[in-house]
Amino acid sequence: MIDKFKAKFVEESLDNVNDLEEALFALENDMQSKDLIERIFRAMHSLKGGGAMFGFNHLSDFTHHLENIFDKVRNSKIEVTPDLISLTFSAVDEIKYLLEKGDLTAKDDLDEYNRMMGQIQNFLQGGGPGNQESISASDDNTPAGDSGEKTYLISFIPGEDLLQNGTNPLFLLDDLHALGKGHSIVYTHKIPSFENIESENNYCLWQIILSTNESVNEIKDVFIFVEDECDLSVEELGNGGFEMTPAVEKFIENARNSNTLIKVSDLKVLLNKNETEGKKTEQGQENTETDQGRKKSQLKEHKISSIRVASRKIDELVNLVSELVTTQAQLSVYAEKKGDNDILELAENVQKLSRQLRDNAFEISLIPMQSELMRFQRLVRDLSKELGKEIEFVIEGGDIELDKNIIEHLTDPLLHILRNSVDHGIEKPDERVAAGKSPKGNIYFKAYHAGASVLIEVTDDGRGIDVESIRAKAVSKGMIEENEELSHKEILNLIFLSGFSTRDTVSGVSGRGVGMDVVRKKISEIRGEVTIDSEVGQGTTVTLRLPLTLSIIDGLLVKIGENQYVVPIASIEKIFALDKSQLKDSFNRVVIIDNEQLPYVDMREIFKEEVKESETPQMVLVRHEERRLGLMVDEVLGEHQTVVKPMGRYLTSHEVVSGASILGDGSISLVIDTNRVLQLTSTGKFRGKTKTSKE
Amino acid sequence: MSEQQDKTLLSFRVHDEFFALDAMKVNHILEIPKITRVPNTPRFMKGVINLHGNIIPVVDLRVLMGFSETEYDNDTAIIVITPDDQQDSSLGLIVDMVKEVIEADGIEMKPTVVDMEESHLKNFHGTFSFDNQFVHVIDIEELVTAAEI
C-alpha cells in the first residue's frame, strides 16, 4: 500500500517539478515577479514536505536548502540573478533524479548530490556558485581512460592436436572477450590442401588484441588447460583502451593477408601514433556518454509509468472501441454472406484485433477502489468518535479494480451502508460489554472477485437486525399480510422496499434500513445486486454483487413482437421450450417445470404487443437474488455479446428497458432489465392488469 | 416572451404550422431511418434510431403538439438536436418538412398566440412573420422536458 502512495507521490511531485520549472522559465524573463517567487517557493515546500513523509530523505533535505534560498528571495534578502536561476534549474534536475532514485546510494550519485548541496549552501552564505570550479576540476582528476585498463596482444598458436582432448578454441576466444574489449585475428594459412586435411586436427592460429582491466595472469588463466598444447604469448601494448582506427585496421588486414603474425613493436608504434588523438576522442566520448547517461535518466522520468488522462477521453475511447466492435460484427456478417475466403480471413483478423483492443480499452477504464477507501476510513473514524463508539475498521481487497463508472456509483451507497453499520449496528462500548462482546466493535470491508462479478461485503459485529420488528413494521405499513409466511431472508429483504423505512423511524428498535431502498436502486442502476443477512446480537452483513464493467454484456437475443431484445445471460438460469398445453391449464400464471411451480409473465403483455397464442412459445427463466420468473418470449434467436449503449436521458426512467445494443446489421435491440421485470411483477404491476402509460 | 437571442433559426413545418428552433442546437437532419419502437412509452416517443453507433430517441412533433398523425412521406425528416452538447441529450424530432435557415437578426418577435390545447408544448420564445408566414420559435428547454418519459 505504501508503495502505491509512494508512486502517487512521485507522480504528483513530478507535476510540482514541472510547475517549478515553468515558473523558473517565467522568472527568467521577469526577475522581480513576487507571484512567481511565491509559486516556486510553494512548489518546493510541498516537495519537501511530501519527500519527508514518504521517506525521500535526500529529496527533502535538498529541497529544504533550496527552499531556504527562496525564502530569502521572498523576503528580499537575496536578489534573483541569472546565476541563481541556473543554479535552481540544475537543482530541479537533481530533484527529478532524486524522485526517480529515491535515496541515493551509489557513490557517483552522492558526489553529485553533495556538490549540488555545496553550491546551494554557498549561495545561502552569499558566496554565489563560486566553488564550482575547484570541485569540477577535481572531477577531471580521474580521467575515464585511466582506470587500470591496458591493452595486450595475445598470440595463441595451438598445436595440431589441440582438438583431440576436446578443447574448442572458439570457447577460449569467447572467454577472452569476456575479459574486456577485444579484436581477434585468425590466421588460416596453415590449413593444408583438402586431400591432406586430417579432420581431427587444428590448423588455425589466432592473435587477439584485448583491452582489459584484468592482469596478465588472468588472461593466461584462460589458457590454463591448453598450455601444453600451444604457444602462448601475452604482451603488453600499452595503457588505456584499444581504438580500432582505419590505420590499425589496415595494418591487421595486411598481417592477415601476408600470413605474418603481428609484432608487438610494430603495433605499438602504430598505436602510439594514434594515442594522443585517440585518447582525446576516447575521453570525450566517455564524457558525453556519462552526460548522456545522466540526461537519459532525466528523460526517462518523463516516461512515467502511469499517466493521468481526462476520464472523458477514456469514455470516448471505450465508446469508439464499442463502435468498432459493432462495425466489425457487421463486417463478419457481410463476409459470411459473401463467402469470399479472403474477406472472411480479413474479417476474422479484424475480429481478433478488435476483441483485444476492446479488452484493453475496458481494462484502462478500470481503477482500483483504493481511491475511495480513504473516504470510508474517514467516515468510520469521524462518525465513531462523534457517537462515542470504538470501532476497528478492516479493509481487505482494496486493490480490486472496477469500472470507474461503477466506482462513481458505488461510493454513495457504500457510505450509506457504512454509516448504518456505525450508527445503528455497532453498540456503545458498555452495551457491548454487557452483551459479552469486546468493547471494540469491528467492521470488515471485503472486496473480491467471483466470476465476472466483484463482491463487496460490509460486515459488522453489532446488534444485528430484529426480524420480528421488521415484520411488524411491514405489516403495519400494509406491505405484507399479517400471517404471510416469509423466510428469514425474505423478511430482511423487506427493508429494501421503498417506503419501508422513513426518516421518522430512524430511532425505532430496528433503526436499520434507513434509505436501503435508495441503496438498492443505486446498485441496480449499475446492474448490481444487494443482499443483507443478519442475526440479532451477532451482526449484519450487506453484500453487493457488481459487474466488472458496465458497457459490455453477454446477452441472449430474443424476439418479442416486431422487436428483438437482449436478455443479459448473467441473469438467466434456464431456457426451455413450452408446450402450448402446459399454459392452457395454467392457473394464476404459474407453469410447472421439473415439478416446480414457476411464476411467469408473457412479455408480449408487458410490452403491450398484440397478445396472440404462439404455437411454440419459449420461456427464459431469469433469477434475481432469491426470486425466479419465467419470461415468455416468441422466439429465442441466439447468443450475442453486446455493447450496451445508453438510450439518452429521455428514456432513463424506462421501467423495463435499460439500454440498447446495435446488432451486426446495424439494427437496434433493446436490453431488458430483468431485475426490474422481477421487481415490478412482485409488486403486482404486471400481474393481470396493464399499466396505463402517459399519453 | 418577445425577447429573442437566437441568431440563427432552423424553420420547419409540422402539420400546417411553421416552427423554428435555435439552429446552433441542431446536429443532423436525416431522412426517416428504421425506427426501433420502445415499448411502454408515450405515443409521441416513436422509438430509437442508430445514428453512427449512438442510440438516439425520436419524438414525433405532430403527436407532441397534439396534431393528427400522418404517414411519413419524402419530405418527412428527423432533426437531431443536442440541447446541451452532451451526447446523452441528443433527441430526434420528426417534422413534416424542413424549410430553411433564417437569420433572426433584426426580425421583430411578437408574443405567440396559438391554440395549443392538446400540445405538450405551450410556451414559445415568440412568433415572427417571414415570407408571409407565421413562424413560432420553440423553447428547446420546454421541448426537452416534455420529451422525458
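The listed protein sequences derive, respectively, from chains G and V.
With numbering that gives the first Met the number 0, letter number 17 in the first sequence gets 16, and the count goes up by one each step, no holes.
With numbering that gives the first Met the number 0, letter number 98 in the second sequence gets 97, and the count goes up by one each step, no holes.
The beta carbon of each residue, even a glycine, is placed where N, CA and C say it ideally should be.
Please read all numbers here as calculations on a predicted model, not as lab measurements.
Chain-ordered neighbours of residue i on chain G, where CB pairs are closer than 7 Å
i         : result
Ser-89(V) : Gly-647
Beta carbon of residue i nearer than 8 Å to that of residue j
i          : j          : result
His-408(G) : Ile-525(G) : yes
Leu-142(V) : Leu-120(V) : yes
Asp-83(V)  : His-14(V)  : no
Ile-148(V) : Ser-652(G) : yes
Leu-109(G) : His-64(G)  : no
Glu-400(G) : Pro-367(G) : yes
Ser-523(G) : Leu-491(G) : no
Leu-372(G) : Ile-455(G) : no
Gly-647(G) : Gln-537(G) : no
Leu-236(G) : Val-263(G) : yes
Val-79(V)  : Leu-50(V)  : yes
Ala-471(G) : Ile-479(G) : no
Val-529(G) : His-415(G) : no
Val-100(V) : Leu-20(V)  : no
Ile-153(G) : Val-233(G) : yes
Ile-671(G) : Val-590(G) : no
Val-221(G) : Asp-174(G) : yes
Residues of its chain near residue i, where Cβ-Cβ distance is below 6 Å and the 5 sequence neighbours each way are ignored
i          : result
Asn-200(G) : Glu-159
Lys-488(G) : none
Leu-29(V)  : Ile-77
Phe-66(V)  : His-14
Ala-360(G) : Leu-316, Val-317, Val-320
Glu-16(V)  : none
His-57(G)  : Leu-97, Asp-102, Leu-103
His-639(G) : Gly-554, Leu-556
Same chain only: Cβ atoms within 7 Å of residue i, ignoring 5 sequence neighbours per side
i          : result
Ile-667(G) : Ala-659, Ile-661
Asp-601(G) : Val-610, Met-631
Val-379(G) : Ile-390, Phe-392, Leu-417, Val-421, Ile-442
Ala-90(G)  : Leu-65, Met-115, Ile-119
Lys-558(G) : Val-632, Asp-633, Glu-634, Leu-636
Within-8 Å CB hit, residue i to chain G
i          : result
Lys-33(V)  : yes
Glu-141(V) : no
Contacts that residue i makes with chain G (C-beta to C-beta distance below 9 Å)
i          : result
Glu-147(V) : Arg-648, Tyr-649, Leu-650, Thr-651, Ser-652
Cβ of residue i within 8 Å of any chain V Cβ
i          : result
Ala-659(G) : yes
Asn-594(G) : no
Lys-47(G)  : no
Glu-614(G) : no
Thr-469(G) : Correcting the residue identity first, residue 469(G) is Ile in this sequence and not Thr. No - not a single Cβ of chain V is within 8 Å of the one on Ile-469(G).
Glu-561(G) : yes
Ile-667(G) : yes
Val-656(G) : yes
Own chain partners of residue i with C-beta closer than 8 Å, once the 5 adjacent residues on each side are dropped
i          : result
Lys-189(G) : Tyr-202, Cys-203, Leu-204
Glu-2(V)   : In this prediction, Glu-2(V) has a pLDDT of 47, which is less than 50 and means its spatial position is unreliable; what the coordinates show is noted afterwards. Within the same chain, Glu-2(V) has close Cβ partners Met-108, His-124, Gly-125.
Gly-292(G) : Note on Gly-292(G): pLDDT 49, under 50, position unreliable in the model; the coordinate value appears next. Contacts found: none.
Val-696(G) : Because residue 696(G) is not part of the residues shown, which for chain G are 0 to 694, the question remains open.
Within chain V, partners of residue i - CB distance below 8 Å
i          : result
Val-518(G) : Within 8 Å Cβ-Cβ: nothing; Val-518(G) doesn't reach chain V, min ~24 Å.
Phe-606(G) : Pro-38, Asn-39
Min CB distance residue i to chain B below 8 Å
i         : result
Val-62(V) : Note that chain B does not occur in the displayed structure, where the protein chains are G and V.
Listed in chain order, which residues of the stretch 385-403 of chain G have Cβ atoms closer than 8 Å to some Cβ of chain V? none
Name, going along the chain, the residues of the stretch 37-58 of chain V whose beta-carbon falls closer than 9 Å to a beta-carbon of chain G. Val-37, Pro-38, Asn-39, Thr-40, Pro-41, Arg-42, Phe-43, Met-44, Gly-46, Val-47, Ile-48, Asn-49, His-51, Gly-52, Asn-53, Ile-54, Ile-55, Pro-56, Val-58
Quick one, which residues of the stretch 322-345 of chain G are near chain V if we go by CB-CB under 7 Å, in chain order? Glu-322, Thr-325
Under 8 Å, CB to CB, which of the residues in the stretch 628-652 of chain G have a partner in chain V? Lys-644, Pro-645, Met-646, Gly-647, Arg-648, Tyr-649, Leu-650, Ser-652
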